[in-house]
Structures are given as C-alpha cells and as structure tokens.
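Asker: Please see the structure below; I have some questions.
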Amino acid sequence: SPATAQEGLHCASGETYIMNVMVSGHPYWVPVYQGFKQAAEAFGCTTVFSGTPDYDITKQIASFEQDMVKQPAGILVHPMQSDPFIEPINRAISDGTQVVTFAADSPKSNRSAYITSDNLAEAKFAAEEIVKQIGETGQYAVLENPGQSNHDLRVTALIDYMQQHYPGMELVGRQATNQDSTAAYRATASILQANPELGAIWIPEAGSAEGAVAAILEAKSDVLVMHADITPATLEHIKAGNIHMALNPNQGMQGFMGFMATFMAAHSEVFDPFNDYRTSGYNPVQIPFIDNGFAVITKDNADSFDLNTYMQGRDPA
Amino acid sequence: MENSIELTAAAKQGSNPVKKFLRIRETGLILIILALFVAMSFASPYFLTWVNMRAMVMAFAVEGIVVVGMTILLISGGIDLSVGSVTALAMVIAGSLFLAGVDPWLASLVAIAACTGIGAFMGFFVTRIGLHHFIVSLAVMVIARGACLLFTGGRPLGLFSLPPEFKFIGQGSIGPVPLVIIVFLVVVLCFDFMLRRSTAFRKVFYTGSNEKAAAYSGIRTKRVIFLTTTLCSALCGIAGIIYMARFGSAQPTFGLGMELNVIAAAVIGGASLNGGSGTIFGAILGAALLSVVSSSLALLDVSVYWQDIIRGSILLTAVSIDHYLNKKRDAGGKA
Amino acid sequence: MENSIELTAAAKQGSNPVKKFLRIRETGLILIILALFVAMSFASPYFLTWVNMRAMVMAFAVEGIVVVGMTILLISGGIDLSVGSVTALAMVIAGSLFLAGVDPWLASLVAIAACTGIGAFMGFFVTRIGLHHFIVSLAVMVIARGACLLFTGGRPLGLFSLPPEFKFIGQGSIGPVPLVIIVFLVVVLCFDFMLRRSTAFRKVFYTGSNEKAAAYSGIRTKRVIFLTTTLCSALCGIAGIIYMARFGSAQPTFGLGMELNVIAAAVIGGASLNGGSGTIFGAILGAALLSVVSSSLALLDVSVYWQDIIRGSILLTAVSIDHYLNKKRDAGGKA
Amino acid sequence: MHDDVILKISNVSKSFGPVRALRGVDFELRRGEIHALAGENGAGKSTLMNIIDGILQPDGGEILWEGQPVRIASPNAAQELGIGLVHQEIALCPDISVAENMFMAVTNRSRRFLMDVGSLKQRARAVLGQLCDIDPGAIVRDLPISHQQLVEIAKALTLDCKVLILDEPTAALTEREAQTLFGIMRRLSAQGISIIYISHRMVEIFDNCDRVSVFRDGQYITTAPISEITPSGVVNAMVGREIGTLYPPKQAADTRTEEVIFEVRNLTETTRFKDVSFALRRGEILGIAGLIGSGRSEIVKGICRLEGDVSGEVLLDGKPLQLRHYGDSIAAGLVYLSEDRKGDGLFLERSIAENVSALDLRHVSSAAGLIETDREIELARSLGAKLNLKYGRLSDPVSSLSGGNQQKVAIGKMLSVNPRLIFLDEPTRGVDVGAKSEIHRILRELASEGVGTVVISSELPELIGLCDRVLVVREGRIAGEVAGDRMTEENIMRLASGLEAAPQPTLNA
Ligand SMILES: Nc1ncnc2c1ncn2[C@@H]1O[C@H](COP(=O)(O)OP(=O)(O)OP(=O)(O)O)[C@@H](O)[C@H]1O
Ligand SMILES: Nc1ncnc2c1ncn2[C@@H]1O[C@H](COP(=O)(O)OP(=O)(O)OP(=O)(O)O)[C@@H](O)[C@H]1O
Ligand SMILES: [Mg+2]
Ligand SMILES: [Mg+2]
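Chains as they are written, first to last, in this note's numbering: chain G, 42 to 358; chain U, 132 to 466; chain L, 132 to 466; chain S, 464 to 972.
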C-alpha cells in the first residue's frame, strides 16, 4: 500500500511502474525510459519497459491489457491512437492502476496527465530560424510522413506559420518519405532538380534527414537543412555543417516527468486540492498538459547528443 | 491433408480417438500451441487468467476474419497483398461518411461494398487481363493506402460519437464473451464447414489444385478466382468495420504489414502458396500461434531487443516441428 | 522439309533489327519507360538533365543489386522476404565492428560473410527440412531485424569516421559517374550475361521450371536452390555495405518493406513467381520503372495525398500494357 | 447423310500461330460405333478432340450435333450435349482425392449445397472396380502415373455421355487393363454410346473398332470400315508412304557374345523391391515386363539412384559403381528415360532446344562453361530430324508440341549424351508407327554399337518384337526370364501374374 505523508514519498516493495509503447525497438524511447527509470530509482520503485515491437494498434492494446493483469501501480503509455485507448485506460484506472500518457494523448480517457513536446513550438522555432538564415523571401520544401500525428503536426504547423507570418516564403516541394532514407534521397534529389533556387528544407524526423543530406551533398547544393529528432549520422552532419540545426524533444524530461506524474497519481493521498476532484471521484493529481521542452542542436553543443555515448554503462532495460 | 474427404475417411477408420486425432493435419499445430500454453502457465502466473486469454484472442480475432478470406484465396491459387490497406480503407470510408452525417450502418454498408468492389477490380485484372495476383494486389495496396490518405488528409478520424448500438459490435459482450470473438468464431466455423463440405467451395480446391483440369471438368475457373478474390476483399471490409466499432476511430495507416502476418498464419496452418490446399481451422491455429507467441513475450517482459529474435526462432521451430510431424504422419498412413 | 523451312523463315524475319527488337521480352517495358521519359521531358525542363538522371539511377542502383539476387532466386523457384532486414543487418554488423575498432574492410567482409551464412541457413531449412521459402524467409526477416536491434540497442550508428577511401565506395565518382552506378552496372551485366549463357545458371532455370525434371536430368536441384538462396543474401550483404559507405550510417530499421519493392521489380520485369523464368535485364527495367515513377511524381511536386494513388495506377497500367504487348508479340511472332 | 450420325465435323480448321494444326477436316461419328482415329504425331487428332470438347474454338468450319449446327463454347457445353473426353495428358487435381477428381464435373453441375461424401466414394468405388483396385480416398498426387491414367478413364465413365472420346488411353496401360477397357468400350457401344478411340497401336484398332479415320498433317485423308482396310493400308494413309517391317532385325546369332557389360546384384529397396539381380550382354536389347505397379520402374530408378533407399551392387564392365545420386549415374554413362514425360521428363515452358541439351550441358558449351547457342540449336535440329520431330521453331516451348512429339523430345534428350547404358521406360508411349519404328531402329543401332539398352514397356508386342530377352517382374522380384521362342505374350503374362511356375531363367547372375 502507498506510503503515507509522514514516511515521505517512496515505493512499497514490489510497487511497479510500467512504460508501454508501440514499435518498442525504436531508439526514441531509450532516453525516455532512462528518465523514467532514474526518477523511479529515486523513489525506490521498480520499472518495466513494455509494449509491442510492431506498428500495430491491436497488439499494443493487447500488451497494455497484459500489463494490467500484473496490477502495476501505474502505467505511462504512448497510445498509438487516442480513441482505441479510452476504454482500456479507463478500465485500468478503475482497477486501481494509474495511467498517464506521453508523446501522444488519449484526451477523452480518464488518464490523469499528459506529457509531451510542443510540436507547434518546435515548428514555430524552426520557421523563425529558417527565415533568420535565408531571409523573408525564398523557397523552402518539406519532407513528411503522413499518418503519424506528431510528424504531421511539425510539418503542417510550420507551413501554416510561414503562410501567416512570412508570405514571401514559398513552399515548392512537399514529399512523403515515411522515415525511409532511400525514399528521402529520391524525393530530395527531385525537389532539388525542380527548384534550383531552393533555400531551405524542413524534415520532421531524422531518418529522412540522412537520405536528404546525401542527395544535397551529391548535388553540391547549399540548401539549409533543419530537422527534428536526432541520429548519430545527422549529428555528424551537424558537426560537419551539412545540417544547419536539429530540434530534439527533451526525451529524458519526458520520461522523468512521466514517471513523476504517474507516481504522484498513485500517491495522490498526500494531496488534498482546493477543488471537487476527490468528492467527484477523480484522482486529485490531474495535469492536463506538461511540456517537456525541446533542445536545439547545433555544431556547438552536438557532443551532448550522442545517444550511444550517453548509453555507455547504462542498462537499456 | 487439405482434404475434407480424407479427413472424414481418417475419422471413420480411426475408431481409436487418439489415432483419429493424430491423423488430422492440424494436430502438430495444436500440440505445439498446447506445449506453449503449458510452458507459459509455469512461466507466468498471469498467463492462464481469463483476462489474458481474452486479450490474446482479441488480439487476433478481427485479423482472423481476414485470415479466412486469405486462406480461401490462397487455396484458389491467388494471393492478396492489399488486405491491410483495404481494411484501413473500409474504416476510412465508413468513418468519413459517418462524420459527414451518414447513418453509421449505411456508411458501413457502403464501405463494405466499396471493398468488395476493390476485390472485384482485382479479380478483373487477374482473370480478364491475365496479370498475376501478386502484382495486381501490390498495386492496389498502394492505391488503397493512397485513398486512405486522400480521404483523411493523413489524419486519424475520431469517431467517438458513433452511436452505442454501433459501437456494441466492437466493444459489447454477450455474457463474459466479447461480441467480436463471437462474430469471429461464427465466421470461422461457417467458412470452415463450407470449405470442407459445400459443393461451391470444393470448386475452389479444384481450381487451385489444377486450373486446367478443373476447367476441363466444366468448372468456370476464372469465375471461381474472381469470386475468391472478391470475397477476400469483402471480408477485409467487414474486418475494417469491426475495427472501427472497436476502436471508435479510423486510422489511415492502419494495417501496415498486415498482409505478411495474415499470409504467414495461413501458410503455417497448412495452406500452400501454390494453391489447392489449406484449411480455415489450420490457418486460425496459425494466427493463434503467432499471437500467443507475441503475447507471451510481452507478458514475460522479454527485452524488446530479444523479442524479434525469439519470435522468429519460435516460428521457424514450430513450422519445422509441424512439418516433421506431418511427414511422419503421412509416411505412417501409407506404411 | 517443312521444319527447316519454317525455321529459316523465322531466321530471316530476324535480320530486320526493328523486328528483332520487337521480339525481345523486355521491349514492352522499354517502350513504357521511354514513353514516361518523353512525357516527363515535356512536363519538366529538369527531367532530362544529367544530374537528374544520375540521381534517378542512384536512387535504385544499390537496391538493384538486391534485385539481381532476388531475380535469380525467383527463377530457381524461391522467394526471399528477408532482404530488407538482411541488408540492414550487414550495415549494423559492419558498423558495430568498425566502431569497436575493427578495420572497416575487414568488418565489411565479416558482415558479408554473415549475410551469406544467413542465406545458407535459409537454404538449409528449405532444402533439408523441406519448408517453403516464404515462411523460412519470413521468420529470418523477423530474426535479422531482431539482431539489428540487439546489436545497436535500436539506435542508429553514426559512421562518419569511416576512412575516406572506404566512403569512396558509396560516395566517390570515376569521372562524372558515381562508383555506385559503376558497381551496379558491373553486377547487372555480369549476372545478366551468366544467366543467359553459363551452364551453371542454366541449371537454375531448369530447377525452377520443373524441379523433378531437373533432378531427372541429373541436376542436384537442392544444391542449386541452396546456392541461389545463399547468393541472394550475399548480395544483400554487399548492398548493405555500399549503403553504409554511402550514407555514413547504419540504421537498424533500414529497408523496411524493401522485399515487396524488390519482388515487384523482378515480377514487372518478367520473372515468374512460380519459377523458371525471368531476366536480370527485365528486373532492372522493372526497378527503373518504379524508381522513375516515384522520382517523376516528386519532380512534378504532385500532392502527397495523390502520389500513392497515381503510383499504384501507373504500376497497374504499365504491367497491363506490358502483358498485352507480350501476348501480342507471342501471337504475332507465330503468325 | 447417314441417319445415325450423331456428330459431324465439316471443314474445320485451326491454327496455332504458324502451325496449321487442322486444315478443313471432315469427320463423322455414328451412333453406337467405335470409331478409331489414326494419324502421325502432330496430325491434329488431339486438337480436333479439344475442339469437340469445347476446350478450343475452331478458326472455321462447322460442327453438327444430331444434325443441328452447334457452337461448343466450353467443356461445360460439351458435357451438356453429352460429350466426354479422356485427355491424352492427364488432367487431374493432384491435391484432391480420387473420388472427388472423378466426380468433379458432377459436383460442378450439382444443385445441392453440400457434398455427399459417402455416396461419392461408393459410386467412385463402383466405377473404379470395373478397371482396377484403387482406393477412392487416395490423394491423386500419391498415385503412380499408370493409376492416374486409370482414374482419368474412370472419370470419363462417370459422365452420362452419348459420345465418349478416348485420346490414347492405353499408352500407359498394360495389356490386362487395356483389355478391361476394351470390354467396357464394347459394352458402352452396345448401349448406343459412340466412342472415338485414338491410338497408335494398330492391333487395338483392328481388334476393337468398327471404322477408322485417318489424318495426316492436319488434313482428313479417309474413313473406312475396319473390314475393308488393312493395318498397312492405315499406316500407308497415315504416313503417305510405305513403311517396311515394323521391327528391326534382332541381334544376329553370329554377333552374340557372353560378354557382360552391366550387372546388378541383389538390389533391394526397403519396401518396393527385393533381391533383384540380372546381367546385360553386349549387343543385346533387354526388355523388362510386368503388370502395372509390379515395380519395373522402381527397380530401374533404384539402379540410377533416382529414388528410394537402395542397397546392392551395380557393376559396369565388371567394375562396381559407387553411385550416390543420379548425377553420378549420368557421369558413369547410365541414363534413364522417365515414363512420366510431363512430370519428370520435360521442362514444358522451356524451349525445345533447351530441353534437348538439359541432360549434359557440356555437349553444347565451351570449355569456360558458356553455352553456345548455335551448338545447342544444331544439336536439337539434328536429333529432331532423326526422330522426325514436328515443330514450329526450336525456340518454342515444348508445351506447344503434340503429345507424341513431346515424347520424341524426351527421347532426343537421352540420345543427346553418348550413354554407356540407357534405360527407357515406356519409350514409345504415344509415338506414331513411323517414328516408333525409327526409334526401334536407333535403339538397335545403339545396342550393336555396344551401348547397353534396357527397355521397359507395357506393350508386349513391342517387347517381343524389339528385345532379345525379356525379364518379367512381379511384386518387386524378378519372376523369370524369356528369350528366343519362349518369348511369347502368353509366357510373359503367365510369369507376370504368377499363374504358373516360372520357366528356368537361361541366364542369371
Ligand atoms: N497450344 C499449342 N500451341 C502451339 N501449337 C500447338 C498447340 N497445340 C497443338 N499444337 C500443334 O498442333 C499440331 C497438332 O497437334 P495435336 O496435339 O492435335 O496432334 P496429335 O495428332 O494429337 O498428335 P499425337 O499423336 O502426338 O498426340 C502439332 O503440330 C502441335 O505442335
Ligand atoms: N509415389 C509413389 N507413392 C507410393 N507408392 C508408389 C509411388 N510410386 C510407385 N508406387 C508403388 O510402387 C510400386 C511399383 O511401382 P512402379 O511404378 O515401379 O510400377 P511399374 O511396374 O513400373 O508399373 P507402371 O509404371 O506401369 O505403373 C507400386 O505398388 C506402386 O503403387
Ligand atoms: Mg494427341
Ligand atoms: Mg512404370
């Protein structure tokens, strides 16, 4: 049973928190889980990394339900889709497992908190940076990944922002590359061909950025490349000046705050807020939205973003 | 093996129920799944719980309906790579229409009809133009996925406002058993029975086994192939609607890679990629095996970095054992 | 005698180079690609530039090496779904070893050897255990992807520090022509020639055409299938190393879905999924067609939401036209 | 027009590209007659039958059914008229049981929703029972080719037809099954059913048929009542020239030697045969006889290591051979011509030239292992000429040839290497008389050149006419041997069916 206020906040023995994701082999989760685990260790809690290796909503729901069978104190979940998770999340909560979402939300469920990067803020920052570098009139292009909401948002928000604030910026290329570097190579090469005046390209993830840079280098073009997320290869390109800048969501903070929100929800007895939550049957620790922020990666600070270096000596599980 | 009549014959010969069981083609798979169950119930106290069982069945029940269509298509000598995108398209069409104010039942009918139309379109290219199923369904896979993107702008449709009686299809239960599972079982049992016994479906076996011989016997093989192709897409449409009711949303990227899973299930269950053999029962066991393995790995908290390796190895081992048992049984049956 | 008269007549027809060209199986594809080229050069002034041509070839050159392996495997009657993950595994193995301090050339050799080993492993299961290529390569696809995750912890490897002479494989040029394209052309020409002329590869055709008849001609068909399976994986290994040198990174998720693309290229180019027929030249034209369509859509900045629909439709149309032309040619050649 | 004419073909033509398979042929079938169709390989017999059965559509001409012009658009339409066809090439579904295969057409037309499995098997057993003992529940894939042929025949007997077409049904049958079949044919014709019977065996035609029509090169030549024509008359009409004696002379007494070139000792396979020993002398042609399923093919395949788990000794020129697989056999000079040309013998979708050279590509390749297309074509051309092969182009797929011509390609493939020992399993199956005697002549030549020649045949007259000595196999053992005067159909049949104590073998190792 949860500790009381007098004993301070820490876990009872065996108190477990689970982080559940889709495509669980994806490196994005690695620092998130590290943050989750570091916070948990501070409170003496056990953590489990779970989910499905597949990009498959049915499988993720099955794994979430299997997590529930183990009656953990809380689950930090990245719901692959929002609505399908409403019922499982609510069932978990009514069975005594607290649920917090991260990076993607299920707003109509009873989850007690949602931690995410502000994709709109990222897009706005990227737009301002592009304009700062190439001026208020010019051509730009985007690569995208239709169907994946955060990537979608990063792209559409940037386009909207440009339209509203910098009408002189012309969108000349918009290609779907779906995180595939070969597809990105092909698309970028064609965009470069069709638009010799291209000034900048915005890419919502790093896999496509690798292919795009290869095409730009081959064409000996000096297009300004900006992308979100980071891989070791794009990091090297930043250091070499081939990529201008990357925006990376603060994954560690996402996991850290994700744990805190879940843990606090499971230990809500320490908190008696000035509202009706307790009497209306809600968990008192309700946080609609936590922004984990993002980092701006340039030549100067690139060394701090090598995930392989970061993970040396750390247990990924 | 693939043959109902054989099965009945075997059943009649084997007055001894154990021998009878050992002569059924699916026995190997059943034994392998049972072995997994025994191992898992020792390995995890959560495995043999009702909730876990339900979760495991729910994880493949709707896809199981697609497996039925694929198996029949494989038996007739075809293949369909478009199942994932056609399923997604059914969700997207029904969802978009519903959001545009159309009655959800009508919208679902339209969506299923559209999928059936897609199947007929593929069937046309295969039987009239003479292209191979593989390439036609690959092109349609791309086209249907594109249509999903086009209809939704790439964004998932939230369909929370679907009326409860509609959502009941996907979320309701009759007693403790989810309706989805009941629908799945009904579809499986019906088609399994018909495939073994009905004159219409026996023609599917004849066509797949030797199209020329079937044609010489007066069977209109092109029509058979056209119909199995259409049926498979229609079942994708139905599966899409059930998914939509279950999830209360329509995702344009739904079902990526589903085709390989579905074909694998059918092949593990004894369907031949060259046509002429296969059973629904076996294919569903194949789907169950794949699902149980995935679920078990998740339940045991096996490291993600090991999961794929273990999953692939179990698949390979299971198929090898099954193959070995079948060979032995066949040899034994003849000796 | 009648026969010889018939034959000389045919031989005489062939003296006209246009007619000779029309009798080649790949003519249909060439004409379709040419038509696309003509249309595109009107649609975009950038299309027919050297830089664009180079970029278009670069976009499929490395995958083209895998297409060669797949075509040979298809001819022998097999199929390989694991090409994408095995290619990724080559990158990952070589990349990890390099980061661990191994000489990059040695690391590459080890990686290619490992891929060859995987091919041999699949060949073993197919020829000795008797499983179908489809299911074996599906399992290996999962296992190899798992191995990629395991070796990298799911994280891409940055290999910027590869020595320049190694990167030259992927990024260098000889004169105006990138080395990648040269390697690709050499591989294609060699294998195309051997497949047409060498006795060893002729056995691949016999085996795929009728395995039993091949065995009754003294061909050790299992060995042939084992070798084609191994060759395909070995070529994936080579492709993986070239990709690594080209992108300066190793992504564990590289090549997802590559198998369908590669098989589609071979099938468009005339390879039969039932074995026994296909040409390298045709398969490469198939890959080129797919690539040119994608590049053209990007060049014309067609809306993302329409691209898949257009791409799928062009694919279907092209294959239908090609099929029609071939049918006509077969009939015409005889008339 | 004869009142009793049920089917009349007039002026029907059909071309496949440059090949004019039928050029304005006429044909007339009377009610209740057994009408033989004769013609060389590729004369167009099967093509005409396929037109009658609705599988092919004629380019021109007219079909009259019971006096009415009809268009037979599909096999289904043919069945509705009452036409049944036993195909020259076996057309069964390999994955399906015998019973279901037999009733495929019935199932197709059935209005019932469910199969009646029980009655299906019962009816299948009843029909099969007239012919042989095959389990109606067996899967067709598991049956040997001769049994498949019987199923194919049984399948046609299940049709309720007015015209039954049998396209070389006896090619893979032994005398006994063939006689059973003739009995059934006569009974059917007595019931008023008309039968078209295609065969290259003159004896069968003259023993069982009422009239015979002859085709040559896609043209109709003549029709005559059997009583008004002689076998040589038919052959003459078929070939357009005289054919000399049917069989080449046997080994001359003065060239006979006791020199054994090949010997098998105690060859045993786990289930199929046991303790098989025999020897082959220089210059002789050895025949192997036996009933269907007696194990003739199995023994020879065992020698060549084509299948089975075989033990025992095999000696060539007195030296024991270490054979592990068929490749070793070929290397040692032992080649085998399969009885199942479609399944094991040919690459149907590959070209004629590629088929002919498949057995040993070294004959058509350079030292570097590169195939020289000119040599390959030349090889196929010369063998084709030798065997009177009828084809369009050597680059055409084998599937475009008539059945008999496909068989010639399979034989050409064997002859393309220079074998030391050649096993031929039903070598002249479906081959016309002219080509047959040519093949016999070639075999005799090979034998006298010292090539060991072993012929398995279900056609006893062929064995007797061609061979110097015949081994008889029964139930996987050598039941005896006949030579010289003792080589009669009766003696062979007795040994094969185990009716009488075997005469002492004259030579055995
Ligand atoms: N599908 C086809 N394509 C091309 N040519 C064909 C085809 N079918 C038959 N032919 C040709 O038509 C001619 C007649 O063939 P058919 O099979 O009717 O001969 P047949 O009289 O039955 O000979 P056989 O005694 O060898 O069976 C042959 O020259 C053959 O090569
Ligand atoms: N594929 C097979 N599976 C099972 N039994 C077989 C198979 N092939 C042959 N047999 C059996 O082996 C025995 C010998 O067959 P084999 O083919 O050697 O006979 P055969 O004397 O050559 O007669 P024929 O060729 O006329 O059928 C038979 O009992 C047959 O039923
Ligand atoms: Mg014929
Ligand atoms: Mg035989």
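Glycine is no exception: its CB is placed at the ideal position from the N, C-alpha and C atoms.
On a predicted model such as this, the values are computed, not experimentally measured, just so you know.
1. With LEU50 (chain G) and PHE300 (chain G) assumed to form a contact (beta carbons below 8 Å), what rounded beta-carbon distance in angstroms separates them?
2. With 9 Å as the C-beta to C-beta threshold (strictly closer), list the residues of the stretch 372-396 of chain L near chain S in chain order.
3. Looking at the secondary structure, which residues open and close the alpha helix (DSSP H) in which GLY523 (chain S) lies?
4. Using a C-beta to C-beta distance shorter than 7 Å, which residues of chain U count as neighbours of ILE518 (chain S)?
5. Name the chain S residues whose beta carbon is nearer than 9 Å to that of PHE336 (chain U)?
6. Would you mind stating whether HIS285 (chain G) and VAL254 (chain G) have Cβ atoms separated by less than 8 Å?
7. Kindly identify the DSSP beta-bridge partner or partners of LEU288 (chain U).
8. Please list, in chain order, all residues of the same chain as ILE369 (chain U) whose beta carbon is under 7 Å from its beta carbon, the five residues on each side excluded.
9. For my contact list, VAL398 (chain L) and VAL318 (chain L) are in at a C-beta cut-off of 8 Å; report their separation, rounded to the angstrom.
10. Please list, in chain order, the residues of the stretch 397-414 of chain L that have any C-beta partner in chain U closer than 9 Å.
11. Using 8 Å as the threshold, is the stretch 753-763 of chain S in touch with the stretch 949-962 of chain S, meaning 3 or more CB pairs across them?
12. Could you spell out where the alpha helix (DSSP H) holding VAL314 (chain L) opens and where it closes?
13. Using a Cβ-Cβ distance cut-off of 8 Å, determine whether LEU290 (chain U) contacts chain G.
14. SER537 (chain S): which of U:VAL393, U:ILE452, U:ALA345 sits nearest, CA to CA?
15. Nearer than 7 Å: is that true of the beta carbon of ASN564 (chain S) relative to any heavy atom of ligand 1?
16. For chain S, is any of its Cβ atoms less than 8 Å away from the one on ARG351 (chain L)?
17. Given that a residue counts as buried once 16 or more other Cβ atoms are within 10 Å of its Cβ, and exposed if not, what is GLN112 (chain G)?
18. CB-CB under 7 Å to LYS584 (chain S), same chain, minus the five flanking residues each way: which ones, in chain order?
19. Output the boundary residues of the alpha helix (DSSP H) element that contains SER227 (chain U).
20. Got a sec: does ligand 3 put a non-hydrogen atom nearer than 7 Å to the Cβ of SER403 (chain U)?
21. Give the C-beta separation of THR248 (chain L) and ILE440 (chain U) to the nearest angstrom, bearing in mind that I take them to be a contact with Cβ-Cβ under 8 Å.
22. Nearest by alpha-carbon distance to PRO237 (chain G): which of L:GLY261, L:LEU262, L:VAL182, L:LEU204 is it?
23. If you pair each beta-carbon of the stretch 491-499 of chain S with each one of the stretch 476-483 of chain S, do three or more pairs fall below 8 Å?
24. What does SER444 (chain L) touch in chain U if you count any residue whose Cβ is under 7 Å from its own?
25. Let me confirm a value: LYS871 (chain S) is counted as buried when at least 16 other C-beta atoms fall within 10 Å, else exposed. Which label applies?
26. May I have the straight-line CA-CA distance separating GLU296 (chain L) from GLY252 (chain G), to the nearest angstrom?
27. Cβ closer than 8 Å: which chain L residues qualify as neighbours of VAL73 (chain G)?
28. In the DSSP assignment, what residue or residues form a beta bridge with TRP181 (chain L)?
29. Under the criterion of a Cβ to heavy atom distance below 7 Å, does ASP630 (chain S) qualify as lining ligand 3?
30. If you check the beta carbons only, do PRO330 (chain G) and ALA80 (chain G) fall under 8 Å apart?
31. Return the chain-ordered list of same chain residues with a C-beta closer than 7 Å to the C-beta of ALA167 (chain G), the five sequence neighbours on each side being excluded.
32. Could you pull the start and end residues of the beta strand (DSSP E) that LEU485 (chain S) belongs to?
33. If contact is defined by three or more beta carbon pairs under 8 Å, each pair taking one atom from either stretch, is the stretch 866-881 of chain S in contact with the stretch 836-854 of chain S?
34. Mind pulling the chain S residues with CB within less than 8 Å of SER426 (chain U)?
35. Could you tell me if the beta carbon of ASN504 (chain S) falls within a distance shorter than 7 Å of some heavy atom in ligand 1?
36. Using a C-beta to C-beta distance shorter than 8 Å, which residues of chain L count as neighbours of ALA429 (chain U)?
Answerer: In short:
1. Their Cβ separation, rounded to whole angstroms, is 12 Å, which puts LEU50 (chain G) and PHE300 (chain G) out of contact at 8 Å.
2. none
3. It is not in any alpha helix (DSSP H) - GLY523 (chain S) instead sits in the beta strand (DSSP E) that spans 523-528.
4. TYR347
5. CYS556, ASP558, ILE559, GLU563
6. no
7. U:ALA381
8. ILE196, ILE243
9. About 20 Å; that fails the 8 Å criterion.
10. VAL398, ILE399, SER403, LEU404, ASN405
11. yes
12. 310-328
13. yes
14. U:ALA345
15. no
16. yes
17. exposed
18. ALA562, PRO599, GLY600
19. 214-230
20. no
21. A small fix is needed here, since residue 248 (chain L) is Gly in this sequence, not Thr. About 15 Å; that fails the 8 Å criterion.
22. L:VAL182
23. no
24. ILE274
25. buried
26. 21 Å
27. In chain order: nothing, as chain L lies at least about 12 Å away.
28. Answer by DSSP bridge pairing: none, since TRP181 (chain L) is not bridged.
29. yes
30. A quick correction: the sequence has Phe, not Pro, at residue 330 (chain G). Against a cut-off of 8 Å, the Cβ pair of ALA80 (chain G) and PHE330 (chain G) comes out as no contact.
31. LEU199, TRP243, MET267, LEU288
32. 482-493
33. yes
34. Residues of chain S passing the Cβ test: none, with the nearest at roughly 33 Å.
35. yes
36. Simply none; closest approach about 15 Å.
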